[in-house]
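Below is one structure, written out as structure tokens; comments come after it.
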Amino acid sequence: MTVDSAAPEESLQDSAPGRRIRAVARWMRRCLARWRPILLTVLLVCAVGFGAGYFYFVHRPDEQTDRAATHQVIKAASDGAVALLSYSPDTLDRDFANAKSRLSEDYLAYYQRFADQVVGPAAQRGQVTTTASVVKAAVSEMHPNSAVVLVFIRQKTTSTAKPEPVVTSSSLKMALVKVKGSWLIDKFDVL
Numbered sequence: 004m005t006v007d008s009a010a011p012e013e014s015l016q017d018s019a020p021g022r023r024i025r026a027v028a029r030w031m032r033r034c035l036a037r038w039r040p041i042l043l044t045v046l047l048v049c050a051v052g053f054g055a056g057y058f059y060f061v062h063r064p065d066e067q068t069d070r071a072a073t074h075q076v077i078k079a080a081s082d083g084a085v086a087l088l089s090y091s092p093d094t095l096d097r098d099f100a101n102a103k104s105r106l107s108e109d110y111l112a113y114y115q116r117f118a119d120q121v122v123g124p125a126a127q128r129g130q131v132t133t134t135a136s137v138v139k140a141a142v143s144e145m146h147p148n149s150a151v152v153l154v155f156i157r158q159k160t161t162s163t164a165k166p167e168p169v170v171t172s173s174s175l176k177m178a179l180v181k182v183k184g185s186w187l188i189d190k191f192d193v194l
């Protein structure tokens, strides 16, 4: 009897791992039998993830750069170009203040030095009056928080040395950044 009593204990110990193996095998057979619904579920989750990613990374920036935003950028660049390039010795401080209000912090430091050291003294000394007008402007690059605009201007300049207006045309490449909802000039290059 001792032999018989030892045998059931060993079979109980052997059967516990065997049950686990059989349970895992049963689970795998069920999964293999249902591979189509599982694959369909995985594909559905991937499709929803792709759709959400597309909306967030592609469609959403396009909405932020629609026609209205493009129009705002062109208006800000045009108004900024006129403000930067139009000044008179009688209203020099007001003209410079108007121009400075349209500049980003990075470009403001450069413009401040340039206006104080070059433009201001030359305008006062020669009684130079400059009036700029925008002929055409177009967006070259548009992003939700930055843009590059090409601006074509016509500039009339008079002075005590040349009282007859001198008309010049220029092309400008202006980089703008969006700061607190307003488009400000960050870079200003004559082409």
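Throughout, our numbering is defined as the position within the sequence shown, counted from one, plus 3. Just so it is clear, CB atoms sit at the ideal spot from N, CA and C, and this is done for glycine as well. What you are looking at is a predicted structure, and each value in this text was computed from that prediction instead of being measured.
- A direct Cα-to-Cα measurement between Leu175 and Tyr90 gives close to 18 Å.
- Only residues of its own chain outside the window of five on either side were considered, and among them Val85, Leu88, Ser89, Ile156, Gln158 have a CB closer than 6 Å to the CB of Ala135, listed in chain order.
- Between the C-alpha atoms of Ser185 and Phe60 there is a straight-line separation of about 23 Å.
- Around the beta carbon of Val138, a 10 Å sphere encloses fewer than 16 other beta carbons of the protein chains shown; the residue is thus reported as exposed.
- Judged by their CB atoms, Val76 and Leu179 are nearer to each other than the 7 Å cut-off.
- For Lys181, the closest C-alpha among the options Ser143, Thr163, Ala150, Ala26 is that of Ala150.
- Counting only runs of 4 or more residues that sit fully inside the region 87-119, the alpha helix (DSSP H) segments are 95-103, 108-117, in chain order.
- Sequence-distant Cβ neighbours of Ser172 in its own chain, meaning closer than 8 Å and more than five residues away, are Val138, Phe155, Ile156, Arg157, Gln158.
- Close CB contacts of Ser143 within its chain, under the 7 Å cut and outside five residues either way in sequence, are with Val151, Val152, Leu153 (chain order).
- Pairing Asp82 with Thr163, the inter-Cα distance amounts to about 27 Å.
- C-alpha of Pro92 to C-alpha of Thr133: approximately 9 Å in a straight line.
- Going by C-alpha positions, Met145 is about 27 Å away from Gln115.
- Note: Ile188 is bridge-paired with Leu106, Leu179 in the DSSP secondary-structure output.
- Bounds of the beta strand (DSSP E) holding Thr161 are 149-161.
- Within its own chain, the residues whose Cβ lies closer than 6 Å to the Cβ of Ala102, once the five positions on either side in sequence are excluded, are Ala86, Leu87, listed in chain order.
- Going by C-alpha positions, Val122 is about 36 Å away from Arg70.
- Measuring C-alpha to C-alpha distances from Arg128 to each of Ala140, Pro20, Leu95 identifies Leu95 as the nearest.
- Ser104 sits exposed, since fewer than 16 C-beta atoms from the chains shown fall within 10 Å of its C-beta.
- Counting along the chain, the unbroken alpha helix (DSSP H) around Ala125 starts and ends at 123-129.
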